[in-house]
Amino acid sequence: MKHESLSDDILLLETERLVLRPLQTKDAAGLLALYAIPEVTEFTDIPTMQEESEALRWIEELNAMRRAGQGLRWGVFDRESGGLIGTCGFHHWDQSRRRAEISYDLSPKWWGQGYMREALQAVLQFGFDRLNLHRIEALVDPRDTRSQNLLYGLGFKLEGVLRDHDLIKDHFQDDMVFALLEGEWKKQA
Ligand SMILES: CC(C)(COP(=O)(O)OP(=O)(O)OC[C@H]1O[C@@H](n2cnc3c(N)ncnc32)[C@H](O)[C@@H]1OP(=O)(O)O)[C@@H](O)C(=O)NCCC(=O)NCCS
Numbered sequence: 001m002k003h004e005s006l007s008d009d010i011l012l013l014e015t016e017r018l019v020l021r022p023l024q025t026k027d028a029a030g031l032l033a034l035y036a037i038p039e040v041t042e043f044t045d046i047p048t049m050q051e052e053s054e055a056l057r058w059i060e061e062l063n064a065m066r067r068a069g070q071g072l073r074w075g076v077f078d079r080e081s082g083g084l085i086g087t088c089g090f091h092h093w094d095q096s097r098r099r100a101e102i103s104y105d106l107s108p109k110w111w112g113q114g115y116m117r118e119a120l121q122a123v124l125q126f127g128f129d130r131l132n133l134h135r136i137e138a139l140v141d142p143r144d145t146r147s148q149n150l151l152y153g154l155g156f157k158l159e160g161v162l163r164d165h166d167l168i169k170d171h172f173q174d175d176m177v178f179a180l181l182e183g184e185w186k187k188q189a
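What follows is the structure in structure tokens.
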């Protein structure tokens, strides 16, 4: 499916405990609450935020990325309370090569309960089925063991380490490269 035809309706994903939908400007306060927590942004290039205007700008950048067909990001909402508990999605989406990178974050209060695994199962399914992806990659800081465990559990394979590949909060960091291929995903289903 081409990015032009990805309406909000198509992007609405529901799981047992979660609802995923594209972030909107009305989510700025919830996003600020998430990205003001240093543990959430520690291993990512997302700035630790202090102002709602930063969250708003971030949402606008995500919408621009979606319009350009370079990625998609969902807000992850707790079905029961309706609150924003995290985000996840694709960036560096290369439609001609049928590949994209995945990334995700969750508020620490919700860690250790399988919420991101549940969200990513829906997002990976969407990526392979609706976006016609063949390869989904993830780049992970070697210190981020929670993220590595999550990827292994979803069937991703570690392919190697890119030395000093990322510049995170003024420090060069290695990136562990993980990937999941379409055939591997379908075999697990
Ligand atoms: C990466 C991140 C999303 C992982 O969160 P997480 O809660 O560990 O991941 P999951 O949602 O998959 O939950 C897995 C845990 O829930 C437990 N769990 C409980 N119920 C479960 C269920 N029904 N299904 C699956 N797992 C369950 C698992 O045993 C595991 O616990 P453990 O870590 O104690 O072994 C989180 O650490 C985070 O937001 N980090 C900051 C942002 C970040 O670094 N992102 C990565 C950038 S690439």
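With full-length UniProt numbering, the residue at position 106 of the sequence shown is 106, and numbering never jumps.
Built from N, CA and C at the ideal position, the CB exists for glycine as well.
Excluding sequence positions up to five away, which residues of its chain have a Cβ less than 8 Å from the Cβ of residue i?
i, result
"leucine 120", "Cys88, Ile102, Tyr104, Leu150, Leu154"
"glutamate 51", "Leu32"
"residue 213", "No statement about residue 213 is possible, as the shown extent of the chain runs from 1 to 189 and does not include it."
Assuming residue i and residue j are in contact, meaning their beta carbons sit under 8 Å apart, how far apart are those beta carbons, in whole angstroms?
i, j, result
"proline 142", "aspartate 164", "Contact flag wrong, Cβ pair sits at about 12 Å."
"leucine 32", "arginine 21", "Wrong, their Cβ atoms sit about 18 Å apart, outside the cutoff."
"glutamate 182", "phenylalanine 126", "Actually they are not in contact, since the Cβ atoms of glutamate 182 and phenylalanine 126 sit about 13 Å apart, beyond 8 Å."
Which residues does DSSP pair with residue i in a beta bridge?
i, result
"alanine 179", "Glu137, Lys157"
"isoleucine 168", "His171"
"proline 47", "BP columns for proline 47 are empty, so no partner."
"isoleucine 37", "Answer is none; isoleucine 37 lacks a bridge partner."
Please state whether DSSP places residue i in a helix, a strand or coil.
i, result
"alanine 189", "coil"
"residue 208", "Residue 208 lies beyond the range of the chain shown here (1 to 189); nothing can be said about it."
"isoleucine 59", "helix"
"glycine 127", "helix"
"proline 142", "coil"
Tell me which same chain residues have a C-beta within less than 6 Å of the C-beta of residue i, skipping the five on either side of it?
i, result
"glutamine 148", "Val140"
"phenylalanine 178", "Ala138, Leu151, Phe156, Leu158"
"threonine 15", "Glu118, Ala122"
Quick one: is residue i near chain D, going by C-beta distance under 8 Å?
i, result
"glycine 75", "Included in the structure is just one protein chain, with no chain D present."
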